[in-house]
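My numbering applies: residue 744 is where the sequence shown begins, and numbers increase by one. We treat Cβ as the ideally placed atom computed from N, Cα and C, and that holds for glycine. From a predicted model like this one, the values you see are computed outputs, not experimental measurements.
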Amino acid sequence: MHTDLSPHLHSEECNSIIALLKKCHEEVTFRFCLNVRVDMFIHFQNKWAKFAGACNDIDVAMRKCLKRERLEKRAKNYEKSRWKRTREA
């Protein structure tokens, strides 16, 4: 499970990856090979292809981007809290 994917919560880089993932889930093209001819492929729109891993590469990139954002925010908040503690003491 990942965080909320609302655009106002993330950077432009992550928003573009999120948009790609949403587009992939909507318009994924899934190819499969017929048993009749090995070199003959059929392309069709398949809303179930996302469950077969058609969008996994984009999903991994999105998760990496969201993790990087989360770690950056955590480090920034930690430094801010250290600064506040030293100011109070």
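- Task: Report the residue from 761, 749, 748, 750 whose alpha carbon sits nearest the alpha carbon of residue 798.
- Result: Along the sequence shown, one-based indexing puts residue 798 at 55. Looking at the Cα atoms, 761 is the closest of the given residues.
- Integer-rounded CB distance, given that residue 801 should sit under 8 Å from residue 764: In the sequence shown, residue 764 corresponds to position 21, counting from 1. In the sequence shown, residue 801 corresponds to position 58, counting from 1. A Cβ-Cβ distance of about 5 Å is found for the pair residue 764 and residue 801, placing them in contact under the 8 Å criterion.
- Query: How is residue 809 classed by DSSP in three states: helix, strand or coil?
  - Reply: By 1-based counting over the sequence shown, the position of residue 809 is 66. Residue 809 falls in the helix class under three-state DSSP.
- Task: Could you have a look at residue 818 and say whether DSSP puts it in helix, strand or coil?
- Result: The residue you call residue 818 lines up with position 75 of the sequence shown. Residue 818 falls in the helix class under three-state DSSP.
- Message: In whole angstroms, give me the CA-to-CA distance for residue 770 and residue 806.
- Response: Your numbering for residue 770 matches position 27 in the sequence shown. Your numbering for residue 806 matches position 63 in the sequence shown. Distance between the alpha carbons of residue 770 and residue 806 is about 20 Å.
- Are there 16 or more other CB atoms within 10 angstroms of the CB of residue 753, so buried, or fewer, so exposed? One-based indexing of the sequence shown puts residue 753 at position 10. The residue is buried, with at least 16 neighbouring Cβ atoms inside 10 Å.
- Query: So which of 758, 809, 757 has the shortest CA-CA distance to residue 744?
  - Reply: Along the sequence shown, one-based indexing puts residue 744 at 1. Residue 744 has its Cα closest to that of 809, out of 758, 809, 757.
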